[in-house]
Amino acid sequence: MTNSVKNIDMIGSVKLFFINYLNFSGRASRGEFWWAYLAYVIASFACSIFDIFIGGIFYALFDNEVLLNTGFFINILMVATSLGWISLTSRRLQDKGYSGWWQMLYLTIIPTIIFWVIFVMYENPIILSIASLFTLVTLASFILILVWLILPPTEDENQWGRNPLLD
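Under our numbering, the sequence shown has 90 at position 101, and the numbering climbs by one with no breaks.
Now the structure itself:
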């Protein structure tokens, strides 16, 4: 049995990103994920340029250096798309066969930062050991999820549905 495979482009993936903004069930193909990610990088770059341009205008008008580095538009983009990224990453992990809850590994960054701040304040070697351990766990977690996002799906159908590229 041969399956016809659908291709997706950047415009289609961005459309799917917003259509499925709060959809945490189902699957998302590698193409859908990475084309949306490339579009986000391009939009981030454009927002950064716009922030520098607008910040420069405000700096020239008001001679206030704080306005030069606000990053207003990039922050708006980040906040506006954050839930969509969580849902898209969930669907991509589910396409690989893993639960979207694996994204909770990203939260290992919180104790890592806390222990590094405590170490900077008190310079305790035990705290340094704990902070280093959390750093390694966080790094390993991020690498694991990245590998899962890169790898192809293992099956045409799993508990989250049929491969989105088939049909």
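All C-beta atoms, glycine included, are put in the ideal place defined by N, C-alpha and C.
Model, not experiment: these values are computed from the prediction.
Restricted to the stretch 76 to 115, the alpha helix (DSSP H) segments that are unbroken, complete and at least 4 residues in length are 98 to 111, listed in chain order. For S14, there is no enclosing alpha helix (DSSP H), since its DSSP letter is neither H nor E. Between the stretch 120 to 133 and the stretch 141 to 154 there are fewer than three C-beta pairs closer than 8 Å, too few to call the two in contact. Ranking F62, I75, W74, S121 by CA distance to the CA of F42 puts F62 first. In terms of CA proximity to P153, G15 leads the group G15, I0, I75. Comparing C-alpha distances from Q83 to each of I134, D(-2), V3 shows the shortest one belongs to I134. A contact is defined here as three or more CB-CB pairs under 8 Å, and the stretch 97 to 108 fails this definition with respect to the stretch 64 to 72. The C-beta separation of E21 from S2 comes to about 5 Å, placing the pair in contact by the 8 Å criterion. When the alpha-carbon of F13 is set against those of K(-5), G89, D(-2), N(-4), the nearest one is in G89. The C-beta distance from F6 to G73 rounds to 6 Å, short enough to meet the 8 Å contact threshold. Counting only the Cα atoms, A28 lies some 7 Å from M(-1).
If you draw a 10 Å sphere on the C-beta of S118, you find fewer than 16 other C-beta atoms in it, and that means exposed. By the neighbour-count definition (other C-beta atoms within 10 Å, threshold 16), S79 is a buried residue. In the structure shown, G150 falls within a strand segment according to DSSP collapsed to helix, strand and coil. Around the CB of I46, fewer than 16 other CB atoms lie within 10 Å, so the residue is classed as exposed.
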